[in-house]
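Below: the structure, in structure tokens.
Residue numbers (the UniProt record's numbering): 1 to 265.
The following block contains the structure:
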């Protein structure tokens with residue numbers, strides 16, 4: 001039996017235990033019950049429950065009442081953590097290739113609550129009034145990556161999204177009706193990609209495709225964005241969608257063979 005590790009007077013045991021709860025989740029166990037977490041961390045069920053519910057309150061963990069899983073908000077714990085994750089590492093070279101091919105900016109994002117969160121990006125030119133960086137958040141309902149990610153939700157997941165989302169009119173093109181959004185997402189599921197035309201900001205036109213895990217679940221989205229004044233909708237569909245779908249497939253293929261311990265993203 002290993003000797004107990006000696007801790008300094010500064011040691012905060014509750015922080016150690018909270019981090020242990022987060023680390024209990026991995027690629028092989030993305031969803032855990034309270035008993036699973038208690039067993040994995042060595043905590044009592046009561047203690048594990050307190051830590052899990054605190055993490056739920058803070059937005060780092062979600063639960064359906066029985067199973068718990070991490071949310072994308074763990075990305076906010078620091079860029080060093082983000083850089084160590086497989087999804088951004090795998091996606092980056094494919095974004096660089098995609099941007100070079102279409103000569104436009106490209107990004108990868110995940111769904112967090114009512115927003116998309118950027119986890120990887122290659123910027124060719126600035127086409128928005130705000131800068132976009134890793135960690136930038138935008139409302140999912142008004143973005144192409146958001147449409148792809150929302151289209152990947154089941155009915156219960158989409159209903160939960162609508163409870164959180166505030167469908168404000170950001171431009172004259174923004175879809176603000178749940179019925180309109182639901183119809184658009186159905187079209188996205190059928191065609192396999194989403195085109196959003198100036199719904200987030202006037203002049204911004206973007207197209208996105210899903211990134212799926214080995215089980216077919218949508219875990220992220222990849223997009224290409226351009227300015228409406230230089231690229232028509234027809235050009236986006238004809239010249240950008242094919243290389244975008246090819247990039248999504250390459251990212252999926254690389255994720256499928258990535259080291260299992262690091263495959264979360």
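Idealized CB from N, CA, C, for every residue including glycine.
Using a 10 Å radius around the Cβ and a threshold of 16 neighbouring Cβ atoms, would you call residue i buried or exposed?
i	result
residue 273	Only positions 1 to 265 of the chain appear in the structure, and residue 273 is not among them; the question remains open.
residue 88	buried
residue 168	exposed
residue 172	exposed
residue 16	exposed
residue 82	In this prediction, residue 82 has a pLDDT of 46, which is less than 50 and means its spatial position is unreliable; nothing more can be read from the coordinates.
residue 248	buried
residue 9	exposed
residue 235	exposed
residue 216	exposed
residue 100	exposed
residue 144	buried
residue 214	exposed
Residue i lies in the alpha helix (DSSP H); which residues open and close that run?
i	result
residue 36	34-41
residue 91	86-102
residue 51	45-58
residue 12	Segment: none, residue 12 is in no alpha helix (DSSP H) and carries neither H nor E.
Taking a contact to mean a Cβ-Cβ separation below 9 Å, would you say residue i touches residue j in this structure?
i	j	result
residue 109	residue 146	yes
residue 208	residue 193	yes
residue 112	residue 72	yes
residue 166	residue 138	no
residue 43	residue 74	no
residue 142	residue 119	no
residue 203	residue 229	yes
residue 289	residue 37	Residue 289 falls outside the range modelled here, since the chain spans only 1 to 265, and no answer is possible.
residue 175	residue 163	no
residue 33	residue 67	yes
How is the beta strand (DSSP E) around residue i delimited, first residue to last?
i	result
residue 107	105-112
residue 267	Here the chain covers residues 1 to 265 and nothing more, so residue 267 does not appear.
residue 62	61-63
residue 70	67-70
residue 138	137-139
residue 197	194-197
residue 74	Per DSSP, residue 74 belongs to no beta strand (DSSP E) and is neither H nor E.
residue 123	First-last for residue 123: undefined, no H or E at that position.
(request) Identify every run of the alpha helix (DSSP H) within the region 141-189, keeping only runs that are complete inside it and at least 4 residues long; order them along the chain. (result) For the region 141-189, whole alpha helix (DSSP H) runs of length 4 or above, ordered along the chain, are 144-151, 155-164.
(request) Counting only runs of 3+ residues fully inside the region 209-262, write out the beta strand (DSSP E) ranges in chain order. (result) Under the rule that a run must span 3 or more residues, the beta strand (DSSP E) segments found entirely inside the region 209-262 read 218-227.
(request) Assess, as a yes-or-no matter, whether the region 216-226 is touched by the region 105-115 under the definition of 3 or more beta carbon pairs within less than 8 Å. (result) Touching, yes, given that three or more Cβ pairs across the two stretches are closer than 8 Å.
(message) With a threshold of 8 Å, are at least 3 pairs of Cβ atoms found where one atom belongs to the region 187-204 and the other to the region 136-152?
(response) yes
(message) Does the structure place the region 54-65 close enough to the region 199-218 that three or more beta carbon pairs sit under 8 Å?
(response) no
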